[in-house]
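J.: After the structure tokens below, expect a handful of questions from me.
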Amino acid sequence: MHDDDDPDWRPLPVRSAALRWLLLLPLTLVFLPLWCVVWIFLAVCFYGVAAVVQLIVYVMPRAENGATRVLDATLGRVPFLPLWCVTPVALVREGDTAYYRARVDRRVEKQTRRVETASEYLREHHRDLELGTHYFRGAGAGYVLRVASERGWNLHPVLRSHPRRRLRLRHNGRPRPDSGN
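To convert a position in the sequence shown, counted from 1, into the working numbering, add 302.
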């Protein structure tokens, strides 16, 4: 599991106002549109490659696991929102622990409801939950894991999590005992 005394699992330190307003906001305004264009270009390229990979998977079904790992190793390493990106909400709410905790609670509860109320086919699709640091920055990864474990979530057994960058959780697929009340 994790150690509560480990600083990686605690809330991230508050960034200084000068850093946020003078460096991170201009970087976001200038480079974020360019970053989105690069993501769209990568998506188009992967769609082109996906057609070829699908033909290979039809011929050799065992290649599907390798194709999934390659995709996770490439796009999984490039975050959609870069670490230097600061949204307007993050600028205003920097250091507000209650806001981030409420945000995490809502997201975990919403995803838990999806898992528990979905059909058998869709349940498997909703069992994975990935949260980036921008989502739980003020609450800390330890808080996310504590709240999520109460609702049946654990760290993903296959995909790796890093408490300072991203948490990948997996639901056990069973409804909570108190969900019927």
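Even for Gly, the Cβ is constructed at its ideal location relative to N, Cα and C. Here the structure is a predicted model, which means the values were calculated and not measured.
1. Thinking just about the alpha-carbon of each residue, which of 455, 442, 459 is nearest to the one in residue 465?
2. Beta-carbon within less than 6 Å of residue 474's beta-carbon, same chain only, minus the 5 sequence neighbours each way: which residues are those?
3. Name the residue from 383, 422, 356 whose alpha carbon lies nearest to the alpha carbon of residue 334.
4. With respect to 8 Å, is the separation between the Cβ of residue 404 and the closest non-hydrogen atom of the ligand FAD below this value?
5. For a test of the three-state rule: what should DSSP assign to residue 444, helix, strand or coil?
6. I'd like the span of the beta strand (DSSP E) that includes residue 455, first residue to last.
7. Hey, out of 316, 362, 450, 314, whose CA is closest to residue 407's CA?
8. With 16 other CB atoms within 10 Å as the buried threshold, where does residue 397 fall?
9. Buried or exposed: which applies to residue 283, given that a residue is buried once 16 or more other Cβ atoms fall within 10 Å of its Cβ?
10. In this structure, how does DSSP classify residue 407 when only helix, strand and coil are distinguished?
11. Considering only the alpha carbon of each residue, which of 470, 446, 426 lies closest to residue 404?
12. In whole angstroms, what is the alpha-carbon distance linking residue 311 and residue 444?
13. For residue 395, report the span of its alpha helix (DSSP H) as first-last.
14. Is the separation between the beta-carbon of residue 348 and that of residue 402 shorter than 9 Å?
15. CB-CB under 6 Å to residue 435, same chain, minus the five flanking residues each way: which ones, in chain order?
T.: In terms of the structure at hand:
1. In the sequence shown, residue 465 corresponds to position 163, counting from 1. Comparing Cα positions, the closest option is 442.
2. Walking along the sequence shown from the start, residue 474 turns up at place 172. Hits under 6 Å: 454.
3. The sequence position of residue 334 within the sequence shown is 32, counting from 1. For the residues 383, 422, 356, the minimum Cα distance to residue 334 belongs to 383.
4. No copy of the ligand FAD occurs in the structure displayed, which carries no ligand at all.
5. Residue 444 sits at position 142 when you count from the first residue of the sequence shown. Residue state, collapsed to three classes: helix.
6. By one-based count along the sequence shown, residue 455 stands at place 153. Segment 455 to 457, the beta strand (DSSP E) holding residue 455.
7. Working through the sequence shown from its first residue, we reach residue 407 at position 105. Nearest option by C-alpha distance: 450.
8. What you label residue 397 is simply residue 95 of the sequence shown in a count that begins at 1. Burial call: exposed.
9. The structure shown does not extend to residue 283, since the chain is modelled only from 303 through 483, so no value can be given for it.
10. Against the sequence shown, residue 407 aligns to sequence position 105. The answer is helix: DSSP assigns residue 407 an H, G or I state.
11. Position 102 of the sequence shown, counted from the start, is the residue given in the question as residue 404. The residue with the shortest Cα to Cα distance from residue 404 is 446.
12. The residue you call residue 311 lines up with position 9 of the sequence shown. The residue you call residue 444 lines up with position 142 of the sequence shown. Spanning the two alpha carbons is a distance of roughly 5 Å.
13. Here residue 395 refers to the residue found at position 93 of the sequence shown. Here the alpha helix (DSSP H) through residue 395 covers 390 to 395.
14. Against the sequence shown, residue 348 aligns to sequence position 46. Against the sequence shown, residue 402 aligns to sequence position 100. Not a contact, by the Cβ cut-off of 9 Å.
15. Indexing the sequence shown from 1 puts residue 435 at position 133. For residue 435, where only same-chain residues beyond five positions count, the Cβ hits under 6 Å are 467.
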